[in-house]
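Note that the UniProt record's numbering gives residue 176 to position 176 of the sequence shown, counting from 1, and the numbers run on in steps of one.
Glycine included, C-beta positions come from ideal geometry on N, C-alpha and C.
Please read these numbers as outputs of a predicted model, since none were measured by experiment.
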Amino acid sequence: MNGQPLPGAYDADNRFIAAHHLPAVLIDLARSRGIDTHHLLRGCELFYEDIVTGGALISPQQFLRLIDNARRLLSAPDTSFLFGQRLWPGHYGPGSQLLEQADNLQQALERLGEYRALLSPLLTPVMHLDDRYLHLYWRDSCGASEQSTFLLEASMTAVVALARRQQNERLPWRFQFAYAEPAYVEQYWVHLGDALTFDRPSTVMSVPREYLLRPWPQAGSTGALVARQSCSAQLHAWGWQASFLDHLHAYLSQHIRHPLSLERVAAAFETSPASFKRRLGKHGTHFQEQLDLTRRDLALYLYQVKGYSNEEVAQHLGFSDITNLRRSFKRWTGRVPSDLGGLLYS
1 MNGQPLPGAY DADNRFIAAH HLPAVLIDLA RSRGIDTHHL LRGCELFYED
51 IVTGGALISP QQFLRLIDNA RRLLSAPDTS FLFGQRLWPG HYGPGSQLLE
101 QADNLQQALE RLGEYRALLS PLLTPVMHLD DRYLHLYWRD SCGASEQSTF
151 LLEASMTAVV ALARRQQNER LPWRFQFAYA EPAYVEQYWV HLGDALTFDR
201 PSTVMSVPRE YLLRPWPQAG STGALVARQS CSAQLHAWGW QASFLDHLHA
251 YLSQHIRHPL SLERVAAAFE TSPASFKRRL GKHGTHFQEQ LDLTRRDLAL
301 YLYQVKGYSN EEVAQHLGFS DITNLRRSFK RWTGRVPSDL GGLLYS
């Protein structure tokens with residue numbers, strides 16, 4: 001079934017991404033710096049002549065290969081950030097209109113999540129609200145592996161740039177990163193700001209809630225309503241709006257208190273354990289890794305956003321005692337829960 005979407009979700013090898021939309025932004029950036037398109041597209045099973053027809057479709061795997069090629073050939077620390085600056089709203093027809101003509105930042109982010117197959121097929125944006133902040137996380141949709149940091153940098157920059165253009169002000173974003181400070185940290189300062197902390201348990205960007213509902217210039221436009229209908233029709237034609245890994249994360253989150261095994265989850269997805277294992281392998285992952293990632297994400301959300309105690313988190317995740325929770329949490333994040341210091345921003 002390579003190249004054809006499986007019911008309900010897209011896989012890393014399904015060809016549905018319009019090559020002249022998101023990928024073309026990166027291609028044009030590389031071409032502007034003198035990179036030959038033949039070398040840029042090597043191994044992508046794609047020719048530049050195919051892209052300019054406007055009909056070429058590529059898979060997430062091909063897109064990730066393109067990103068890898070661009071990173072190596074450009075070898076510049078600002079590549080991901082410049083890609084992000086150009087990413088949204090872009091010129092992708094109805095999908096771009098959804099973002100450009102949103103009523104406000106909150107609606108734009110909601111649309112980004114709802115139509116992520118069109119606008120962010122490689123990373124899934126995840127929004128959480130607490131009393132004071134909106135927290136935006138990014139979850140791997142298709143097995144980004146070595147391209148994860150590039151995609152995080154680009155996606156965060158894209159949101160910051162979109163909000164700044166539409167609200168005509170630089171919002172007070174705050175950032176945490178689950179990796180060490182890079183040698184090119186000045187690019188973070190330029191494109192994201194200086195409210196940065198590294199070596200944290202999670203990667204998240206946050207902004208005070210009072211900025212979410214400030215009206216954007218084209219709020220309430222008829223064009224946005226028409227664009228949403230068009231985007232919804234596209235998702236309906238595909239038969240899905242999220243990736244296989246998104247669906248798996250949702251299922252595991254919903255059943256996290258129950259005993260979960262490869263066999264049990266494969267049966268829920270109406271497939272054999274062997275087929276389910278192969279499907280996970282196609283995304284560069286395995287069942288235990290996805291289960292650990294789901295538990296980690298839930299634990300971080302409960303600790304950092306909801307302010308739960310150790311006892312409450314242990315109960316929610318189905319741990320028999322706090323000692324086991326602490327041990328697992330350190331394996332997932334490299335830290336013990338007490339290192340978090342409670343809520344993200346109190």
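Rounded distance between the beta-carbons of residue j and residue i, thought under 8 Å
| i | j | result |
| --- | --- | --- |
| E153 | F198 | Going by Cβ atoms, the distance from E153 to F198 rounds to 13 Å, so no, they are not a contact pair. |
| G223 | Q101 | 5 Å |
| R65 | G43 | 5 Å |
| P121 | S141 | 6 Å |
| L109 | L87 | Not confirmed; about 14 Å, so no contact. |
| L22 | P89 | Not really, about 12 Å apart at Cβ, beyond 8 Å. |
| F150 | I58 | Not confirmed; about 17 Å, so no contact. |
| A30 | A56 | About 17 Å separates the two Cβ atoms, so there is no contact after all. |
| C231 | L73 | Between L73 and C231 the Cβ distance is about 33 Å, and since that is not below 8 Å, they are no contact. |
| A117 | L26 | Not really, about 18 Å apart at Cβ, beyond 8 Å. |
| S243 | A9 | 6 Å |
C-beta contact flag for residue i and residue j at 9 Å
| i | j | result |
| --- | --- | --- |
| L134 | Q106 | yes |
| S145 | G307 | no |
| L252 | V305 | no |
| P77 | P182 | yes |
| N310 | A219 | no |
| V265 | L245 | no |
| T157 | F177 | no |
| R331 | D292 | yes |
| F287 | S261 | yes |
| R164 | S206 | no |
| R132 | R209 | yes |
| V159 | L112 | yes |
| L119 | G95 | yes |
| residue 347 | Y303 | For the chain, the structure presents residues 1 to 346; residue 347 sits outside this window and is missing. |
Same chain, Cβ closer than 8 Å to residue i, neighbours up to 5 away in sequence not counted
| i | result |
| --- | --- |
| P5 | Annotation note: pLDDT 38 at P5 (below 50); position unreliable, coordinate value reported separately. Around P5: D11, N14, F16, W238, G239, W240. |
| I256 | T294, R295, L298, H316, L317, G318 |
| Y301 | H128 |
| Q290 | L245, L248, H249, L252, L280 |
| R33 | L74, A76 |
6 Å CB neighbourhood of residue i in its chain, flanking five on each side removed
| i | result |
| --- | --- |
| R139 | T124, V126 |
| H20 | I51, G54 |
| N2 | Confidence at N2 is low in this model, with a pLDDT of 42, below 50, so its placement is unreliable and the value that follows should be read with caution. Taken in chain order, the residues that qualify are D13. |
| D130 | V305 |
| R335 | P201 |
| T37 | Y48 |
Extent of the continuous alpha helix (DSSP H) to which residue i belongs
| i | result |
| --- | --- |
| D292 | 287–300 |
| Y188 | 185–191 |
| T222 | 222–238 |
| T149 | 148–167 |
| T333 | 322–333 |
| T53 | T53 -> no alpha helix (DSSP H), and no H or E assigned at all. |
| P259 | Counting along the chain, P259 falls outside any alpha helix (DSSP H), and DSSP gives it neither H nor E. |
| Q315 | 310–317 |
| S32 | 22–32 |
| H39 | 37–40 |
For residue i, the first and last residue of its enclosing beta strand (DSSP E)
| i | result |
| --- | --- |
| L213 | It is not in any beta strand (DSSP E) - L213 carries neither H nor E in the DSSP assignment. |
| W138 | 133–140 |
| Q176 | 174–176 |
| V126 | 123–129 |
Proximity test, residue i beta-carbon vs the ligand NAD heavy atom, cut-off 8 Å
| i | result |
| --- | --- |
| A242 | Summarising the ligand content, the structure contains no ligands, and the ligand NAD is consequently not present. |
Spatial neighbours of residue i in its chain, beta-carbon cut-off 7 Å, leaving aside the 5 residues before and after
| i | result |
| --- | --- |
| G143 | A12, H283, G284, T285 |
Pick out the complete alpha helix (DSSP H) segments inside the region 56–131, 4 residues or longer, and give them in chain order.
60–74, 79–87, 94–100, 105–114, 116–119
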